[in-house]
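*Asks:* Residue numbering for the sequence shown follows my numbering, beginning at 1 and increasing consecutively.
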Amino acid sequence: MSAILQIENVTAGYSADIDILRGLSLNVRKSSVTGLVGLNGAGKSTVMKSIFGFLRPRVGRILFDEQDITHGRPHELASKGLWLIPQDGGLFDYMSVETNLRLPIETRRAVNGLSRAEIDRRVADVMEQFPILQEKRRQLATRLSGGQRKLLEFGIAHVQRPTLCLIDEPSIGLAPKVAEEVFAHISTLAKTGTSVLLVDHNIRKVIEVASYVYVLTLGTVSAEGESSVFQTDLHGQVKEWLGINY
Ligand SMILES: Nc1ncnc2c1ncn2[C@@H]1O[C@H](COP(=O)(O)OP(=O)(O)OP(=O)(O)O)[C@@H](O)[C@H]1O
Ligand SMILES: [Mg+2]
Numbered sequence: 001m002s003a004i005l006q007i008e009n010v011t012a013g014y015s016a017d018i019d020i021l022r023g024l025s026l027n028v029r030k031s032s033v034t035g036l037v038g039l040n041g042a043g044k045s046t047v048m049k050s051i052f053g054f055l056r057p058r059v060g061r062i063l064f065d066e067q068d069i070t071h072g073r074p075h076e077l078a079s080k081g082l083w084l085i086p087q088d089g090g091l092f093d094y095m096s097v098e099t100n101l102r103l104p105i106e107t108r109r110a111v112n113g114l115s116r117a118e119i120d121r122r123v124a125d126v127m128e129q130f131p132i133l134q135e136k137r138r139q140l141a142t143r144l145s146g147g148q149r150k151l152l153e154f155g156i157a158h159v160q161r162p163t164l165c166l167i168d169e170p171s172i173g174l175a176p177k178v179a180e181e182v183f184a185h186i187s188t189l190a191k192t193g194t195s196v197l198l199v200d201h202n203i204r205k206v207i208e209v210a211s212y213v214y215v216l217t218l219g220t221v222s223a224e225g226e227s228s229v230f231q232t233d234l235h236g237q238v239k240e241w242l243g244i245n246y
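1. Over what stretch of residues does the beta strand (DSSP E) that includes residue 29 continue unbroken?
2. For residue 169, which residues in the same chain have their Cβ closer than 7 Å to its Cβ, ignoring the five residues on either side in sequence?
3. Check whether the Cβ of residue 45 lies closer than 6 Å to any heavy atom of ligand 2, and answer yes or no.
4. Return yes when the C-beta of residue 40 is under 6 Å from any heavy atom of ligand 1, and no when it is not.
5. Under three-state DSSP, which class holds residue 180?
6. Beta-carbon within less than 8 Å of residue 104's beta-carbon, same chain only, minus the 5 sequence neighbours each way: which residues are those?
7. Enumerate in chain order the residues of its own chain whose CB-to-CB distance from residue 123 is below 8 Å, with the five nearest sequence positions on each side excluded.
8. Just reading off the beta strand (DSSP E) that residue 64 is part of, what are its end residues?
9. Indicate whether residue 12 and residue 55 have their beta-carbon atoms separated by less than 7 Å.
10. Within 10 Å of its beta-carbon, does residue 162 have 16 or more other beta-carbons around it, so buried, or fewer, so exposed?
11. What does the alpha-carbon distance come out to for the pair residue 136 and residue 230?
12. Restricting to Cα atoms, I'd like to know which of 65, 75, 181 and 127 is closest to residue 110.
13. DSSP three-state label for residue 251, please.
14. Go through its chain and collect everything with a Cβ distance to residue 142's Cβ below 7 Å, but skip five positions before and after it.
15. Any idea what DSSP makes of residue 42, helix, strand or coil?
16. Buried or exposed for residue 9, please, with buried defined as at least 16 other CB atoms from any protein chain shown within 10 angstroms of its CB.
17. Using 6 Å as the cut-off, classify the Cβ of residue 214 as near or not near the heavy atoms of ligand 3, replying yes or no.
18. Indicate, with yes or no, if ligand 1 has a heavy atom lying under 6 Å from the CB of residue 105.
19. Among 144, 145 and 167, which has the Cα closest to the Cα of residue 154?
20. Please say whether residue 72 and residue 53 have beta carbons closer to each other than 7 Å?
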């Protein structure tokens, strides 16, 4: 299956003397969910930040649709069709729900060339898809519940219509029913043509929605495979991945 994103031998870190990602290579498949799992601190969010230009790899390269984006900046990458739903949230707390939906795309209008009518259409689409955002459109983001905030982040991603959406720990802190909705939504994204790189601590759900899964250990890929292979013996596989011998 062809790849929309290729990470080749990337080494990256937050300070000059410590590497967090160490010779990491992985591919994200086109129009499909690729999963990335690993222990706390393995470097999963660091992978996302390196792809989206918040962290510059010291070694290696990152290709998006065969184009080198290794040292791209977040706003440039957004205009090329990438988007990140970060683990720690990316909302403007003291702006309204509607402003949160509009701002990221409106501030890039000079680059993306979208008409105001097109932006209005996209925002209206999101409001229709997530009625709670329509209902709360004039409220400040800070007044939303955890689940509603997550829906708003997905709504913002929808407005961008990304080719590749990086989604970091979407189910963290959500009630099981809301988490189910979020995972269903991710499956729909992939079915409608968006490629997804998904990180989540719920390994079972990642394997369910992803077609291919990578395991990250201390900044490098320690196991990988078709998710169908992992589905049959998840417990044994997870123990093996994480080096648990009991
Ligand atoms: N801004 C930062 N400055 C310095 N070190 C950082 C920074 N962010 C993360 N790290 C370090 O990088 C390593 C990997 O962190 P990262 O957040 O990528 O892990 P993770 O796999 O996403 O973990 P979790 O499952 O807890 O979200 C950790 O040792 C962490 O302390
Ligand atoms: Mg993380």
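Glycine residues also receive a C-beta, built at the ideal position from the N, C-alpha and C atoms.
*Replies:* Taking the structure as given:
1. 21-29
2. 87, 199, 200 and 201
3. yes
4. yes
5. helix
6. 78, 156, 159 and 160
7. 98, 101, 102 and 159
8. 59-64
9. yes
10. buried
11. 41 Å
12. 75
13. The chain is shown from 1 up to 246; residue 251 falls before or after that span and cannot be answered.
14. 93 and 94
15. coil
16. exposed
17. Ligand 3 is not part of the structure shown, which contains ligand 1 and ligand 2 as its ligands.
18. no
19. 167
20. yes
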